[in-house]
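Here's the structure we're looking at; comments come further down.
Protein chains: 2
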Amino acid sequence: MHSLQFTAESSSNGLLQRDFTVGGVPGVLWSPAHAGGERAPLVLMAHGGGNHKTHPAMAGRARLLVTGCGFHVAVIDAPGHGDRPRTAHDEAEIAELFRARAAGEPEGPIVVRYNDHLAQLAVPEYRATLDALQELPEIGGAGPVGFWGINMGTAIGVPFVAAEPRITAAVFGQHWPDVLAEKAKLITIPIEYDMQWDDEHISREEGLALFDAFASAEKSLHVNSGRHKELPRFEADSAARFFARHLGAAVTASA
Amino acid sequence: MHSLQFTAESSSNGLLQRDFTVGGVPGVLWSPAHAGGERAPLVLMAHGGGNHKTHPAMAGRARLLVTGCGFHVAVIDAPGHGDRPRTAHDEAEIAELFRARAAGEPEGPIVVRYNDHLAQLAVPEYRATLDALQELPEIGGAGPVGFWGINMGTAIGVPFVAAEPRITAAVFGQHWPDVLAEKAKLITIPIEYDMQWDDEHISREEGLALFDAFASAEKSLHVNSGRHKELPRFEADSAARFFARHLGAAVTASA
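Protein chains in written order, with the working numbering: chain A, 1 to 255; chain L, 1001 to 1255.
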């Protein structure tokens, strides 16, 4: 088993940020700055395609969960993203995506196959990261663990959660059913799923089909008007409340 | 114009409840008990079929909005409901609904036509109630007004809101598009819409079609697993936060 090595530490506004690596994969762990090491639930996050572990969307969600719910929050760079090198395959797929975009061709088939490739690499990395994080005394191995990933974070998260019994609640959204629906059928924990009603890349039928595939007895779909990149900010607040309900924390007004 | 007459008053746990009538229609107004008459936004609610103005669902939602957001909340008995007499037409439609239910026939066609009939009576009553409530100094004529009605409350609310420019945000849910979609196309204010993914009366296609019909630039659909009567309690919390966002109030932890 890979152990976790902290590489940097900083804190601001009640948020302790610790950079780490597990088996060479760089990640970041956010925690309450003044908790005195007391044990609290963990939420694992996965970032979107083209982004990285400390993108403002990640840091903003972490702030909601840490300062609003008292949770620990961790995210790692996906393969080919953030501080990790791109392979020739990464470069070729990204070039193909940009070519399709410039030509006005559908991006879906390229995103689906490239994200599936990345997910196959990332799932064992997430598992190793969770193993290592649960060795920390302030997280531990017995507490509930959430997962939150939209877009590419869903492409990684659905196969990860489908095979990971330690995850007890998950927020997903904005992906295609092609590869993921079969994995979603294996997921029975509570989920919240986001989709955009006017998504120019993912059709309504595709979004609804992936939501429908989850076997969870308790699942919620949040549809909002707007295009792919217009997911409203209040859905992050909703996700934080979802995790508070399922991982067991009181939400303060800031979340 | 009918004026509002208060007929009873009580208060408990920070909630002032005043029964009233407007033009013979009985209603109830909930307000913060210790506000000292200061002006606050109003949310009009409409109850579901077979229920009444002080059904626990109404009182519970009122508590979220009053104690959580500081709003005033009012609801009136629908025609043939609560303290209002049933006509021969009401009795015949209710008997027909029970007959269809016992025979295992679809309830939708009966509910749609009966709710449409009641809505035609109720819309002018809601307008008169709003006129009268806005004469109260603690509500006034200039503030934002919300509308919240699910099931029959949506059948009344959609035509009411479509013709009522004073309503600035609305929560609807769980009805058929047959009669309401044409009215929904006239509505452009922010809405939140609830539907149940496993509704035994309203198909997914029907629920999605009514949500799709709203012309609102900002609209959210909340789908939850479960049957018609299993709308999760946390959707009431979500609706309260929706009104807090749009009518302008800070939500306290209790909402």
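The beta carbon of each residue, even a glycine, is placed where N, CA and C say it ideally should be.
Item                                                                                                               : Value
Reduced DSSP category for S216 of chain A - H, G, I as helix; E, B as strand; rest coil                            : coil
Under the three-state DSSP convention, the category I189 of chain A falls into                                     : coil
For G149 of chain A and M45 of chain A, believed in contact at Cβ under 8 Å, the rounded distance                  : 6 Å
Buried versus exposed call for Q196 of chain A [16 or more other C-beta atoms within 10 Å across all chains shown] : buried
Through-space distance from A1184 of chain L to A1162 of chain L, alpha-carbon basis                               : 7 Å
Any C-beta of chain A under 7 Å from that of F1223 of chain L                                                      : This sequence places Val at residue 1223 of chain L; Phe is not what is there. Cβ-Cβ to chain A under 7 Å: yes for V1223 of chain L.
Where D19 of chain A falls: helix, strand or coil (DSSP)                                                           : strand
Chain L contact residues for R245 of chain A, given Cβ-Cβ distances below 8 Å                                      : F1234
Contacts of A1217 of chain L in chain A (Cβ-Cβ under 8 Å)                                                          : S225
Closest by C-alpha distance to T1168 of chain L, when choosing among L:E1009, L:R1018, L:A1088, L:H1246            : L:H1246
E1009 of chain L to L1015 of chain L span [Cα, whole Å]                                                            : 11 Å
When L:E1192, L:D1198, L:G1049 are compared against L1221 of chain L, the one with the closest alpha-carbon        : L:E1192
Neighbour flag for S220 of chain A against chain L, beta carbons, 7 Å                                              : yes
Assigned exposure category for H1265 of chain L - 16 Cβ within 10 Å defines buried                                 : Since the displayed chain L opens at 1001 and closes at 1255, residue 1265 of chain L lies outside it and no answer follows.
Buried versus exposed, by CB contacts within 10 Å (16 or more), D194 of chain A                                    : buried
Length of the line joining the Cα atoms of L42 of chain A and G140 of chain A                                      : 9 Å
Simplified DSSP state of L247 of chain A, which is helix, strand or coil                                           : helix
Nearest candidate by alpha-carbon position, reference K229 of chain A, set A:A119, A:G49, A:R39                    : A:G49
Environment of N1151 of chain L [buried if 16+ CB atoms lie within 10 Å]                                           : buried
For H1072 of chain L, the first and last residue of its enclosing alpha helix (DSSP H)                             : Segment 1072-1076 is the beta strand (DSSP E) holding H1072 of chain L; no alpha helix (DSSP H) there.
Straight-line gap, S1216 of chain L to V1111 of chain L (C-alpha atoms, nearest Å)                                 : 26 Å
DSSP three-state assignment for H201 of chain A, whether helix, strand or coil                                     : coil
Sequence-distant residues of its chain with Cβ nearer than 8 Å to L1231 of chain L (five each side left out)       : I1150, G1173, Q1174, D1194, Q1196, N1224
Pair within 7 Å by beta-carbon distance, H1052 of chain L and G1082 of chain L                                     : yes
Close beta carbons around E1107 of chain L, own chain, < 7 Å, minus the five adjacent residues each side           : L1097, A1100, R1101, H1201
G1023 of chain L beta carbon less than 7 Å from that of H1002 of chain L                                           : yes
CA-to-CA distance, A1244 of chain L to S1254 of chain L, given in whole angstroms                                  : Because S1254 of chain L carries a pLDDT of 41, less than 50, the predicted location of this residue cannot be relied on, and the following value inherits that uncertainty. The straight-line gap from Cα to Cα measures roughly 13 Å.
Spatially closest choice to G1080 of chain L from L:L1133, L:Q1120, L:V1073, L:F1071, by CA coordinates            : L:Q1120
Rounded separation between L186 of chain A and E38 of chain A - CA only                                            : 33 Å
Three-state secondary structure assigned by DSSP to R1007 of chain L                                               : This sequence places Thr at residue 1007 of chain L; Arg is not what is there. It is a strand residue.
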